[in-house]
Amino acid sequence: MGILLNEQSRVLVQGITGREGSFHARACKAYGTQVVSGVTPGRGGQRFDDAVPVFDAVGAAVDATGANVSLIFVPPSFAADAVAESVDAGIPLVACITEGIPQQDMIGLYRYVQASGTRLIGPNCPGLINPGARCKVGIMPGGIHLPGRVGVVSRSGTLTYEAVGQLTDLGIGQSSCVGIGGDPIIGSSFVDILRLYNADPDTDMVVFIGEIGGTMEQQAAEYIGSAEFTKPICALIVGATAPPGKRMGHAGAIITGESATAASKMAALERAGAVIIPTPADIGATAAQTLWEAGLD
Amino acid sequence: MTLGKLNHLKWNATGDAGGVDGWGLVGQNGWAMNLHEYQAKAIFARYGIPVPDGRRALTADAAADAVAAFGGRAAVKAQVHAGGRGLAGGVRVVRSVAAARDFAGGLLGSRLVTHQTDANGVPVDSVLVEELADIAAEMYVALTIDREHRGVVFIASAAGGTSIEEVAATNPDAIITEAVEPIIGLMPYQCRRLAMRLGLTGAAGRQAAGIFAALYRVFTDNDCTLVEVNPLIVTGGGAVVALDAKMNVDDDALFRHADLLELRDRGQEDAFEAQAADDDIAYVNLEGSVGCLVNGAGLAMATLDVANAAGAAPANFLDVGGGATEEKVAAAVGIILSDPKVDRVLVNIFGGILRCDIAARGIVMAYAEHGATQPLVVRMLGTNLDDGKAILAESGLNVTFTDTLTAAAAALSGTETGAG
């Protein structure tokens, strides 16, 4: 089953006629995703690749095609507008891939999304995928995934692919993979996604990939250590070699105090009962060992 | 949320050491565009925030003239993008025109090393000469974006003049926070409460409340990630004045601030990091000798961690990005090869949008341009992998191919001893 996406997911791509949007809309379709419509203001009435209808507005696309997921590829200066338009149209799940949205734009947008019924994944994220449902809503290479029972959640893009690649190489399939994004202010936190995995009967274990910056991993540790969370979890934190005060690519990956360091986050997760993945080369092996010890392999 | 401490101090209490967590007040380089004090004060003045009368000087003579204009007594302050200027000898109160000329002459053209810079320091190209203030009390006030609140917060302390990190470590109860709810914005009662908690009453309290409201407008109008006043002072006459000013602007918002973009001072930035920023490459200069070329920020951090665990300290963080062209890869490798401490290069490409053949061509192009011979450990996966490997194999470069991160780490240990 997995989380957030299923066979009924009908995907609308905002920015479908752009370079990135068109490339990834095709890749999502090729993977098996139902890409039902696209939105590019001013291009309404066209058909993308002679098949997918393009609309000027999200509301019209939803009315005509029953889209219930939006995947956003619009440039940073228009991205907050695109997210808000999907929220306004009542789309329950929005994944925003765009990197470089001004932080102050996200402050207001976060409040707006929270007050709505929409769940926002990202921005600055690879999106999400449910391999069992053949539904990919994002930019991850579909071919590395294998249907299965391990949930993956990560702040990163390519590092998530690395993790999935290591799992698949060992025959460990994934129920879902969610990249929550590398920005300081994002729509869904680690805890939000962990709650969904905890409640998903088809997820046996979670692979958790955090990084330096902020305190989201400590909040996750608090939840993992609580009685509510009942599943085994393996955790990797990257950025142990990052110097303080320098942004490591992701806008949110910056050490601004002790709790933002990799060591502090690993300590909190270990105290909470997570199995610590020693280095990024050990993701698959640690997951396999943990599954075996839990009798889940 | 609005009253009392934000949660960071709780996390901090469970951690091992001090630091003002999540507020990003330490070492802002690389997070945002920094403004000089004289630039920030000009902006403050436009918002009606009182700042001392001052003049920027580019030469010792100009500094001496400015001090003469202030009656032979003034503060002379190095204009650099680094905190800790005072302790590092970059700020002095001078009491004669001759002393001003001497001090400014020594600073200008030199490099100032503070606890926030590396051993090379940052160049002092100008000084700010300011009238002396009659200081009765010093306070600390800053605004930043708090990641837990997901909004703007004030951080303040009645103990100004020292570093807020030190106050947080030694006396966390002395830190006052005020979180702004974005839907309604900063409310006047919050400004009054902040003034009250800083011990400001009467006319000074009313003036301070107005200054806090103006600082919030500076922050939001200019897409700041940090506005810091340390110290905010009360003069003997009871006036509230911003004696120092620091502003950092969100890089991602500069597209809508052409005026601020003109204030960028490249000379204050690491040369390699400035070049990378121009090429739209995420790069951080580190201290080891292994040049790293990676696509994706998370994978780049992971690659650094793996190299370090293998005893091969990385020379840099570099994320070339998803949709890189041959030329962009070549520019990235060029920056790596320009760094004299790089004695070998680790490539880790998880090819999705970035095709392996494009990465390979870019690498070969940059090596040819630089006439470089440093050995390469290459781990590539994904689209057009075989083409990429063939291009590198036929290039005549010293390349070790690996399929996994583990093997890459082992190969690095090998090249270190000359076996690669």
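Here the protein sequences come in this chain order: W and G.
Residues in the first sequence are numbered consecutively from 0, following numbering that gives the first Met the number 0.
Residues in the second sequence are numbered consecutively from 0, following numbering that gives the first Met the number 0.
Where is the CB? At the ideal position from N, CA and C, for every residue including glycine.
All values reported here derive from a predicted model rather than from experimental measurement.
Name the DSSP bridge partner or partners of residue i?
{"i": "W/I232", "result": "W/V205"}
{"i": "G/R141", "result": "Note on residue identity: the sequence assigns Ala, not Arg, to residue 141 of chain G. G/I154 and G/E227."}
{"i": "W/G137", "result": "W/G126"}
{"i": "G/N307", "result": "G/N307 is not bridged to any residue."}
{"i": "W/C95", "result": "W/I71"}
{"i": "W/L119", "result": "W/V93"}
{"i": "G/L345", "result": "G/C291 and G/V376"}
{"i": "G/E177", "result": "G/F153"}
{"i": "G/A136", "result": "G/V233"}
{"i": "W/R46", "result": "W/P52"}
{"i": "G/T313", "result": "The identity of residue 313 of chain G in the sequence shown is Pro, whereas the question assumes Thr. DSSP output for G/P313 lists G/V289 as bridge partner(s)."}
{"i": "W/G283", "result": "Looking at the DSSP assignment, W/G283 forms no beta bridge with any residue, so it has no partner."}
Checking 8 Å against the spacing of the C-beta atoms, do residue i and residue j come in under that value?
{"i": "G/G120", "j": "G/V126", "result": "no"}
{"i": "W/Y109", "j": "G/R149", "result": "yes"}
{"i": "W/M215", "j": "W/A293", "result": "no"}
{"i": "G/V140", "j": "G/A155", "result": "yes"}
{"i": "W/M297", "j": "W/P231", "result": "One cannot answer for residue 297 of chain W here, as it falls past the ends of chain W, which runs 0 to 296."}
{"i": "W/A219", "j": "W/L193", "result": "yes"}
{"i": "G/I462", "j": "G/V166", "result": "What is shown of chain G runs 0 to 419, which leaves residue 462 of chain G out entirely."}
{"i": "W/R118", "j": "W/G186", "result": "yes"}
{"i": "G/V305", "j": "G/A213", "result": "no"}
{"i": "W/Q102", "j": "G/D249", "result": "yes"}
{"i": "W/D290", "j": "W/D281", "result": "The sequence given here has Leu at residue 290 of chain W, not Asp. Taking 8 Å as the Cβ cut-off, W/L290 and W/D281 do not qualify as a contacting pair."}
{"i": "W/A88", "j": "W/V57", "result": "yes"}
{"i": "W/P140", "j": "W/P130", "result": "no"}
{"i": "W/P75", "j": "W/I106", "result": "no"}
{"i": "G/D338", "j": "G/N307", "result": "no"}
{"i": "W/S155", "j": "W/I208", "result": "yes"}
Short of 6 Å in beta carbon distance, which residues of its chain neighbour residue i, apart from the five on each side in sequence? Order them along the chain.
{"i": "G/N28", "result": "Its pLDDT being 34, under 50, G/N28 is placed unreliably in this model, and the coordinates cannot settle the point."}
{"i": "W/R42", "result": "T16 and V53"}
{"i": "G/A103", "result": "A59, A62, V75 and V126"}
{"i": "G/L199", "result": "A207"}
{"i": "W/L268", "result": "A220 and A234"}
{"i": "G/A329", "result": "G361, M364 and A365"}
{"i": "G/A31", "result": "T224, N247, V248, D249 and D250"}
Taking the beta strand (DSSP E) that residue i falls in, what are its first and last residues?
{"i": "W/N123", "result": "Counting along the chain, W/N123 falls outside any beta strand (DSSP E), and DSSP gives it neither H nor E."}
{"i": "G/N247", "result": "K245 to D249"}
{"i": "W/N5", "result": "Premise fails: W/N5 is in no beta strand (DSSP E) and is neither H nor E."}
{"i": "G/L292", "result": "V289 to V293"}
{"i": "G/F400", "result": "V398 to T401"}
{"i": "G/K76", "result": "A73 to A77"}
{"i": "W/M215", "result": "Per DSSP, W/M215 belongs to no beta strand (DSSP E); it is in the alpha helix (DSSP H), M215 to I223."}
{"i": "W/R18", "result": "W/R18 -> not in any beta strand (DSSP E); alpha helix (DSSP H) instead, spanning R18 to Y30."}
Exposed or buried, residue i, counting other C-beta atoms within 10 Å across all chains shown (16 or more means buried)?
{"i": "W/P279", "result": "buried"}
{"i": "W/S8", "result": "buried"}
{"i": "G/H114", "result": "exposed"}
{"i": "G/G47", "result": "exposed"}
{"i": "G/D220", "result": "exposed"}
{"i": "W/S153", "result": "buried"}
{"i": "G/D279", "result": "exposed"}
{"i": "W/L158", "result": "buried"}
{"i": "W/A266", "result": "buried"}
{"i": "G/E268", "result": "buried"}
{"i": "W/A241", "result": "buried"}
At which residues does the alpha helix (DSSP H) containing residue i begin and terminate?
{"i": "G/G105", "result": "V96 to L106"}
{"i": "G/I357", "result": "C355 to H369"}
{"i": "W/L268", "result": "A261 to R270"}
{"i": "G/M186", "result": "It is not in any alpha helix (DSSP H) - G/M186 carries neither H nor E in the DSSP assignment."}
{"i": "G/E130", "result": "Here G/E130 belongs to no alpha helix (DSSP H), and DSSP marks it neither H nor E."}
For residue i, which residues of its own chain have a beta-carbon under 7 Å away from its beta-carbon, when the five flanking residues on both sides are left out?
{"i": "G/G387", "result": "C355, D356, A358, A359 and M379"}
{"i": "G/L292", "result": "L317, V319, A331, V332, I335, V344 and V346"}
{"i": "W/K245", "result": "I253"}
{"i": "W/A66", "result": "R9, V10, L11, V35, S36, A60 and I90"}
{"i": "G/A87", "result": "L111, V112 and T113"}
{"i": "G/A132", "result": "P51, I232, T234, V240 and L242"}
{"i": "G/H369", "result": "G333 and L336"}
{"i": "G/T302", "result": "C291, V293, L345 and N347"}
Does the Cβ of residue i lie closer than 7 Å to at least one heavy atom of the ligand FMN?
{"i": "G/V152", "result": "This structure lacks the ligand FMN, and indeed carries no ligand of any kind."}
Which same chain residues, not among the five before or five after residue i, have their C-beta less than 8 Å away from its C-beta?
{"i": "G/L24", "result": "Residue placement at G/L24 is poorly supported in this model, since its pLDDT is 44, which falls under 50; the coordinates are not used for a value here."}
{"i": "G/Y37", "result": "G53, R55, Q78, S125 and L127"}
{"i": "W/T311", "result": "The displayed coordinates of chain W run from 0 to 296. Any statement about residue 311 of chain W would go beyond what the structure contains."}
{"i": "G/A275", "result": "A281, Y282, L317, A331 and I334"}
{"i": "G/K4", "result": "For G/K4, the pLDDT reaches just 36, beneath the cut-off of 50, and the residue's location in the model is therefore unreliable, leaving the point undetermined."}
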